[in-house]
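Visitor:
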Amino acid sequence: MEDDAPVIYGLEFQARALTPQTAETDAIRFLVGTQSLKYDNQIHIIDFDDENNIINKNVLLHQAGEIWHISASPADRGVLATCYNRTSDSKVLTCAAVWRMPKELESGSHESPDDSSSTAQTLELLCHLDNTAHSNMACVVWEPMGDGKKIISLADNHILLWDLQESSSQAVLASSASLGGKGQLKFTSGRWSPHHNCTQVATANDTTLRGWDTRSMSQIYCIENAHGQLVRDLDFNPNKQYYLASCGDDCKVKFWDTRNVTEPVKTLEEHSHCFQPTFSLVCLSVGTRETYSKPALSGKLPSVRPWDWGRLPGSVSRCGTSVTTTLTTSWSSLAAVTAESSFPTWCPSRRSPSATW
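Under our numbering, the residues of the sequence shown are numbered -3 to 353, in order.
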């Protein structure tokens, strides 16, 4: 298993946004969004056939603009949200919208990746997350365990909670909160916790991490100077309700217990640049120096470090090594995918019962 080569699927354009199709439980499926200023952008629906070690795909047109963030509904496998750039009055705006893919594509594809004879279909626009009062949408996050009717968007210094109504055809702003303080504070990333009945959200702005209660939209904890430089991303441990991982431009990955945020539980400094920590049954930290892949994974994970958290907060075991660079990474329940410039790399995995932190 260790010696199997990764499966490579090439994109026509650069891609920085990808997500697992979380509502799909029977297949290994990811959505990848492209970035092109000159041509219509695309969303690639990519299935990995682990029995035959091949990739099947479909391509949808995303004509609204280049995609900077993509997320999939946890309840409806045909619904997704994107944050994208568009120009208006010579200004670049980052907008957000909810889309539905064609019905026949919801269950995946049986085309080969080199089959260019088919014509790309278009997405159906369900609704815009109206950002007339708030520009520069950073990301859209779905309620992880819900019915797909609640989403949060981060726009400038505002956190906005939306209710999707009438088959997601209308988004109603239910509540909001904003950052207070000096200067032009802006959110950079956020995650919705799958714990506590999905009532908590964590956000990052500059070097600070904050926790929010979605029922009152009030702040419940604040970790100032969590990193020495900009916080790039964060993620909750799906197995332990109080643990949060963060990474920043200080090249560090930090792990926090939200019950006591005076200092991190663990700090790792293993990258020349960090921009995404991701929890599965192992934690993946993404950077630009080296890569570590767990023995249970097939192939190598470019610039991704899985860590065995069964031993935290004591010693930490690293799980192998390789060297390359990557732009982003994401996990489904069965596989990991990383985007290297224009080539996502597929790494089928088996869950490891030992990684339970």
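Each residue gets a CB set at the ideal place from its N, CA and C atoms; glycine is no exception.
Under a three-way DSSP split, which group does H124 fall into?
Guide: Three-state result, H124: strand.
Visitor: Please give me, in chain order, every unbroken run of the beta strand (DSSP E) with length at least 3 that falls completely inside the region 32 to 68.
Guide: Runs of the beta strand (DSSP E) inside the region 32 to 68: 37 to 45, 50 to 58, 63 to 68.
Visitor: What span of residues does the beta strand (DSSP E) with H192 cover, start to end?
Guide: It is not in any beta strand (DSSP E) - H192 carries neither H nor E in the DSSP assignment.
Visitor: So, helix, strand or coil for L160, using DSSP?
Guide: L160 falls in the strand class under three-state DSSP.
Visitor: Taking 8 Å as the threshold (C-beta atoms), are L14 and V28 in contact?
Guide: Cβ atoms of V28 and L14: closer than 8 Å.
Visitor: DSSP state of R12, grouped into three classes?
Guide: Here R12 sits in strand by DSSP.
Visitor: Count the other CB atoms within 10 Å of the CB of S164; is the residue buried (16 or more) or exposed (fewer)?
Guide: S164 is buried by the Cβ-count criterion.
Visitor: If you compare alpha carbons, which of H58, N221, D46, E47 is closest to K34?
Guide: Measuring from the Cα of K34, the nearest candidate turns out to be H58.
Visitor: Ordered along the chain, which non-local residues of its own chain (more than five positions away) have a Cβ less than 7 Å from that of V55?
Guide: Hits under 7 Å: Q38, H40, A116.
Visitor: If contacts are defined as beta-carbon pairs under 8 Å, then I219 and V261 qualify, I think. What distance do you get, rounded to the angstrom?
Guide: Contact flag wrong, Cβ pair sits at about 12 Å.
Visitor: Which two residues bound the contiguous beta strand (DSSP E) that contains M133?
Guide: Per DSSP, M133 belongs to the beta strand (DSSP E) from 133 to 138.
Visitor: Determine, using beta-carbon pairs with one atom in the region 125 to 145 and one in the region 78 to 94, whether at least three such pairs fall under 8 Å.
Guide: Touching, yes.
Visitor: Which same chain residues, not among the five before or five after D245, have their C-beta less than 6 Å away from its C-beta?
Guide: Within the same chain, D245 has close Cβ partners Q225, L226.
Visitor: Once DSSP output is grouped into helix, strand and coil, what is the label at K250?
Guide: K250 falls in the strand class under three-state DSSP.
Visitor: With DSSP as the reference, identify every bridge partner of H154, one or two as the case may be.
Guide: Its beta-bridge partners are A151, S174.
Visitor: What is the rounded straight-line gap between the Cα of R73 and the Cα of T18?
Guide: R73 and T18: Cα-Cα distance of roughly 7 Å.
Visitor: Please name the residue in D231, V75, Q31, A23 whose C-alpha comes closest to that of I411.
Guide: The first residue shown for the chain is -3 and the last is 353, placing residue 411 beyond what the model contains.
Visitor: Let me see if you follow: with CB-CB separation under 8 Å, is T199 close to chain B or not?
Guide: You won't find chain B in this structure, because it holds only one protein chain.
Visitor: Among G6, C194, L122, which residue has its Cα nearest to the Cα of P234?
Guide: When only C-alpha atoms are compared, the closest one is C194.
Visitor: Would you kindly work out how many angstroms separate the C-alpha atoms of Q166 and T263, rounded to a whole number?
Guide: The alpha-carbon atoms of Q166 and T263 are separated by roughly 43 Å.
Visitor: So what does DSSP say about L427, is it helix, strand or coil?
Guide: Summary: the structure shown does not reach residue 427, with the chain confined to residues -3 through 353, and so no result is reported for it.
Visitor: Look up R82 in the DSSP assignment and give the residues it is bridged to.
Guide: According to DSSP, R82 bridges with L89.
Visitor: Going straight from the alpha carbon of R206 to that of Q196, what length do you get?
Guide: Approximately 10 Å, taken between the alpha carbons.
Visitor: When the Cα of T210 is compared with those of S172, G142, D202, K182, which residue comes out closest?
Guide: Of S172, G142, D202, K182, the residue nearest in Cα terms is S172.
Visitor: G176: buried (16+ other C-beta within 10 angstroms of its C-beta) or exposed?
Guide: Classification for G176: exposed.
Visitor: Along the chain, which unbroken stretches of the beta strand (DSSP E) at least 3 residues long are found entirely within the region 203 to 250?
Guide: Segments of the beta strand (DSSP E) lying fully in the region 203 to 250: 204 to 209, 214 to 219, 227 to 232, 239 to 244.
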